[in-house]
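Residue numbers (our numbering), protein chains in the order written: chain L, 123 to 472; chain E, 123 to 472; chain Y, 123 to 472. Glycine included, each C-beta is placed from N, C-alpha and C at the ideal position. Since the model is a prediction, treat every value here as computed from it, not as a measurement. Right, one structure below, let's go through it.
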C-alpha cells in the first residue's frame with residue numbers, strides 16, 4: 123500500500139498455466155487482489171472480493187463454469203456479474219471488477235489498466251516456453267523484496283560470479299566483457315566470460331579443461347519481464363555455437379516490498395532426459411530460492427520503503443542496464459499517471 | 123487501538139468458568155488488558171498491569187487469596203489496592219482498576235463501563251448452559267477477525283449451507299424460509315429448511331430418508347451474544363418437535379481486528395453419552411476452527427480497519443438481522459459516547 | 123526508528139569475542155546496522171550496507187583480510203573504502219562508515235559517536251572476565267524488550283526472590299537490607315539477605331542448615347553495563363568471606379523495544395570443573411532466558427513505545443538505583459543532543 127505507483131497498462135504474469143486447474147487461484151498483483159479460474163468459456167480474472175461480505179472469491183469453488191463464493195453461494199461469471207443467487211434473483215448491484223486475462227507462453231497474464239488497451243500483442247515474445255522441441259522446467263517463488271530489486275538482479279548478471287559461485291563462477295570473470303543496448307523500450311545486456319574453462323554447472327557435461335566463451339544476454343521488457351539467452355561458444359568465435367539455453371524470469375509485484383517470481387529454464391538438448399530436468403530444478407531451487415532470494419530480502423530489509431535510486435547508490439558500469447530499465451519504468455508510470463500514451467523511451471546518450 | 127469505540131456499559135464474556143482454577147488468567151477485552159482470579163471472596167477482575175513496573179499481573183500467582191505480582195511480589199486484592207509489600211508498607215499509590223465480574227451461565231463476565239450500572243440482570247438468559255438435565259460441551263477459539271464480522275456470521279445462518287456444507291447442507295435450501303424480528307434491543311432471526319431429508323450431521327441419528335423441517339432461530343443481544351435454538355420437526359407441523367439443541371455463541375472483541383469466540387452446544391438427548399460429546403466436540407473444532415474462522419479471517423484481511431458498512435456491501439434479504447444488529451450496536455455506542463442512557467432501539471419499519 | 127534517542131558517545135557491546143571467527147557478524151546497535159570482522163590488522167567495524175546496492179555486508183566473506191560483498195564482490199577494508207572491484211578500479215564514492223571497535227574484557231565494543239572521543243579507557247572495568255585464575259561462562263540472548271527495562275531489572279535485584287525463586291529465594295528476604303550510592307556517573311546498589319539459610323542455587327554446595335549473609339552488589343555504568351558481585355559471608359561479619367562470584371550483564375539496545383543481552387558468570391572456585399560450568403550454564407539459560415526475558419517482554423508489551431517514567435510508575439525504595447540510572451542516562455543523552463560535553467551527574471539529594 124503506501125500509494126506505490128505501478129504501471130497498470132501492461133501485462134503481469136499471474137501464474138503458470140498449470141497452476142490453475144479445477145480450483146480458482148487468488149493472488150495480489152501490484153496491490154490488486156485478483157482471482158483467476160477456468161470458466162466455461164475459458165479463463166476469467168475477477169477482483170478477489172465478493173461484493174456481499176467481502177470474502178475473497180478465491181476461497182470458493184468453480185461450479186457450473188462460474189465462481190461460487192464460499193460464504194453464501196453467490197456465483198459470479200466472466201462478466202463480473204452475479205449470475206446466481208441460491209435464494210432469489212441475483213442482485214443488480216452484485217458485481218466485481220473484471221480483468222483482461224490470457225494464457226500465452228505457458229503463463230497466465232492479467233492486465234490491470236484500461237481493458238480497451240489490453241492487446242495480447244504487447245506481451246513480449248517468450249514463445250520458446252511452449253516450443254515442443256524444447257524441454258522447459260518452470261517454477262515459482264515468493265520473495266519479501268520489491269520487484270524493482272529483482273529488475274536490478276536480472277539486468278546485471280555479474281552477480282552470478284558471487285551469488286551463484288558454486289554453479290556459475292568462472293576464472294574468466296576478471297576479463298568479463300559487457301555491453302548494454304536498447305530496442306524500443308526493451309533494454310538488452312550481454313556479458314561474456316571469454317576463453318575460460320567451464321563453470322561448475324556445465325563442467326560435468328563437457329571436457330572440464332576445454333576453453334570456451336560463455337555469453338549471457340538479457341532482454342528486459344517493462345515492467346519486469348526478462349528473457350535470458352545463455353550460449354557456450356568456441357573462444358573468440360561467437361558463430362561456433364556449442365550449446366545453450368533460454369530462461370524466463372518473470373517478476374510480478376505483489377505489494378510494495380514483496381513480489382512473485384516466476385522462472386523457467388528451457389533447453390534444446392537432453393530434451394527427454396529426466397535427470398537433466400532434475401538438475402535444472404535443483405539449480406532453480408538453490409539458485410533462486412537459497413541464493414538470490416535471501417540477498418534480495420536482505421537488501422529489502424535495508425532499503426525498506428525508500429526509493430533505492432534516491433539513496434544515491436554507487437553506480438558501476440555494469441549497472442547500465444538496470445539503471446536504464448528503472449528509468450524507463452519510472453517514465454512510463456509517470457506518463458500513465460499523467461494520462462499520456464506511452465511512447466518508447468529514446469535511448470539516452472551514455 | 124486506533125480509537126475503535128466499543129460498548130462499555132455491558133457484560134463481555136471473559137472466559138468459561140472452568141478456564142480459571144488456581145491460576146489467574148489474563149485476556150484483553152475490548153482493548154482493556156484484564157486479569158481474573160479466584161480470590162478468598164470469589165472472583166476478582168483487575169487491570170492486568172502492576173502499577174509498579176507494569177508487568178502483567180496475570181503472570182503472577184494467587185497467594186493467600188490475593189494476586190502476587192511475578193516481578194517483585196506486590197500483592198493486590200479484590201479492591202484493586204496493594205495489600206502486601208514484602209519489604210514494607212504497601213504504597214498508597216499502588217492500586218489498579220477493578221472491574222465488576224460475575225460467574226453466570228457457566229461463563230465469567232466482566233463489565234467495562236460504569237461499575238454502578240453493572241447489573242447482573244443485564245446478562246442475557248443462557249440458563250440452559252447450566253441445566254443439569256442437559257449435556258453441554260464448551261470451547262474457545264481466538265480469531266484474527268473483528269467481532270462485528272462474527273455478528274454477521276451468527277445473525278445470518280444461511281452460511282451453514284456453504285461453509286458447513288459437509289455437516290449442515292440440505293437439499294431443502296432453495297426453499298428456505300426466513301424472517302427477522304426484534305424484541306427490545308434483541309434481534310431475532312429464524313431460518314427454516316422445509317420438508318427435506320436430514321443434513322449429514324444428523325443423518326446418522328435418524329432415518330436418512332425421513333423428511334423433516336429444520337429451524338434455526340437466533341437471538342442476538344448486544345454486543346455480540348447469540349443464543350441459537352435448532353429444532354427438527356415434522357414437515358409443516360412446527361409443534362411436532364422431534365429433537366433439537368441450544369447453542370451459545372459468545373463473541374468478545376479483543377482489539378480491532380481480533381476477537382475471542384466462546385461457544386457451547388447443549389442437548390437434552392444422549393446426555394450421558396461420551397460418544398455424542400465427542401461428535402459435538404468434533405463439529406465445534408472443525409465447524410468453528412476450520413470452517414468459520416478461516417472465512418472470517420480472510421474477510422478481515424480484505425476489510426482491514428475499514429467499517430464494513432461504509433464499504434457499501436451488497437445487502438441481501440438474509441442480511442436483515444445482521445444489519446439491524448450492527449445498527450443497534452452503533453447507536454448504543456454513540457449514545458454511550460454522548461452520555462445518553464441507553465434506551466431500546468425502536469424496531470425500524472422494514 | 124521512531125526517533126528514539128540513544129547515547130552515542132559511549133561503548134556498546136557488539137558481541138562476545140569468541141562469536142567472531144572467520145566470518146563477519148552483523149548486528150544492529152542502537153539503530154545502526156553494523157558488521158564486525160577480523161581483518162588483517164585486527165577488528166574492523168563498518169556500516170553493514172554496501173554502498174552499491176545496499177546489501178548487508180555481513181552476508182559476505184572475509185577475503186584477503188578485507189570484507190567482500192556477497193552480491194557483486196566489492197571489497198571494503200578497515201578504512202571503510204572500497205579497496206577492490208573485480209571488474210575495474212574501486213569507485214571513489216564507494217565507502218562506508220567506520221566505527222571505532224575494540225576487543226576488551228572478552229567482549230567486542232563499538233563506539234557510535236564521534237570517533238575522536240572513542241577512548242578505550244571509558245570502558246568500565248570488567249577485567250575479571252579475562253582473569254586466568256577464574257572460570258567464566260558467557261552467553262547471549264535477544265529480547266523483545268527495551269534495554270531500559272533491563273536496566274531496571276539489573277539495578278533492582280530484589281526481583282530474584284520472585285522471578286528466580288527456585289534458584290535464589292531466601293527466607294531472609296523480609297529482613298532484606300539495601301542501599302544505593304553513586305561514584306561519578308556509576309550507580310551502586312547493594313542488597314543483603316541477612317542471616318538466612320542458603321538459597322537453593324548454593325544449598326547443594328554447602329551445609330544447607332548453615333546460616334549466612336548473601337550480598338549482591340551491582341555497579342551500573344551508562345548506558346547499561348552492570349557488574350554484579352555476589353558474596354556469601356558469615357552472618358553479621360562481612361569480612362568473613364566464604365565464597366562468591368562476579369557476573370557481567372551487558373545490555374545493548376538494538377532498536378526501540380528490542381535489545382541484546384550479553385551475560386557472563388565468573389567464579390574463583392571449581393575453576394576446572396566442567397560440572398560447575400554446566401550448572402552455571404543451566405542457571406543462565408533458565409534464569410535469563412526463561413525467567414527474566416518473559417517478564418521483560420511482557421512488560422514491553424504493556425509499555426509499548428511509551429516512556430515508562432511518564433506512565434507514572436509507583437516508585438519503591440528499592441527502585442532508587444534504577445531511577446537514578448535512568449535519570450543519568452536521560453541527562454547524558456540530552457547533553458549529547460545539545461552538544462554539551464558529558465560531565466558526571468552530581469549525586470542528587472535523596
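- Of the candidates 277/L, 376/L, 422/L, 298/L, the residue whose Cα lies closest to the Cα of residue 351/L is 277/L.
- Listed along chain Y are 193, 194, each with a C-beta nearer than 7 Å to that of residue 281/L.
- Residue 230/E and residue 163/E have their C-alpha atoms some 15 Å from each other.
- When CB distances to chain Y are screened at a threshold of 9 Å, the residues of the segment 258–278 of chain L falling below it are 271, 274, 275, 278, in chain order.
- Rounded to whole angstroms, the separation of the alpha carbons of residue 317/E and residue 364/E is 14 Å.
- Annotation for residue 222/E: 233, 237, 240 place their beta carbon closer than 6 Å to its own, counting only its chain and skipping 5 residues before and after.
- In the DSSP assignment, no residue is bridged to residue 236/L.
- Here the C-alpha atom of residue 298/E lies approximately 24 Å from the C-alpha atom of residue 181/L.
- Under the Cβ distance rule, residue 146/E does not count among the residues neighbouring chain Y, no pair being separated by less than 7 Å.
- Taking a Cβ-Cβ threshold of 7 Å, the residues of chain E close to residue 298/Y are 209, in chain order.
- The three-state secondary structure of residue 395/Y, taken from DSSP, is coil.
- When CB distances to chain L are screened at a threshold of 9 Å, the residues of the segment 153–177 of chain Y falling below it are 155, 170, 171, 172, 173, 174, 175, 176, 177, in chain order.
- For the segment 350–379 of chain E, the set of residues with a beta-carbon nearer than 8 Å to any beta-carbon of chain Y is empty.
- Beta-bridge analysis with DSSP links residue 355/E to 335/E, 363/E.
- Counting only residues of its own chain and dropping the five nearest sequence neighbours on each side, residue 362/L has a CB closer than 6 Å to the CB of 355, 356.
- Among the residues facing chain L, residue 425/E is included, as its CB has a counterpart in that chain under 7 Å away.
- Annotation: residue 289/E to residue 197/L spans about 22 Å, alpha carbon to alpha carbon.
- Taking C-beta atoms as the reference points, residue 311/E and residue 409/E fail to come closer than 7 Å.
- As computed with DSSP, residue 347/E is found in a beta bridge with 343/E, 372/E.
- Along the segment 177–190 of chain L, going in chain order, the ones with a CB nearer than 7 Å to a CB of chain E are 177, 178, 181.
- Closer than 7 Å to the CB of residue 421/Y there is at least one CB belonging to chain E.
- If you check each beta-carbon in the segment 212–232 of chain L against every beta-carbon of chain E, the ones closer than 7 Å belong to 213, 215, 216.
- At a cut-off of 7 Å between C-beta atoms, residue 315/L does not count as an interface residue with respect to chain Y.
- Of all C-beta pairs linking the segment 154–161 of chain E to the segment 240–257 of chain Y, fewer than three are shorter than 8 Å, placing the two stretches out of contact.
- Between residue 146/Y and residue 209/Y, the gap from beta carbon to beta carbon reaches 7 Å or more.
- Chain L places no beta carbon closer than 7 Å to that of residue 248/E, leaving this residue out of the contacts.
- The continuous beta strand (DSSP E) containing residue 309/E extends over residues 308–318.
- Taking 7 Å as the cut-off, the beta carbon of residue 279/E is found closer than this to the beta carbon of residue 338/E.
- The count of Cβ pairs closer than 8 Å, one atom from the segment 137–153 of chain L and one from the segment 382–397 of chain E, stays below three, leaving the stretches out of contact.
- The DSSP-derived three-state label of residue 193/L is coil.
- Residue pairing of residue 209/E in beta bridges, as defined by DSSP: absent, with no partner found.
- Annotation: the segment 404–464 of chain E contains the following complete segments of the alpha helix (DSSP H) (minimum length 4 residues), in chain order: 415–425, 442–459.
- Counting along the chain, residue 274/E sits inside the alpha helix (DSSP H) bounded by residues 269–277.
- Residue 455/E and residue 265/E have their alpha carbons spaced roughly 23 Å apart.
- Checking the DSSP bridge columns, you'll see residue 214/L has no partner listed.
- Put simply, the CB of residue 336/E is far from chain L, with every gap to its CB atoms at 7 Å or more.
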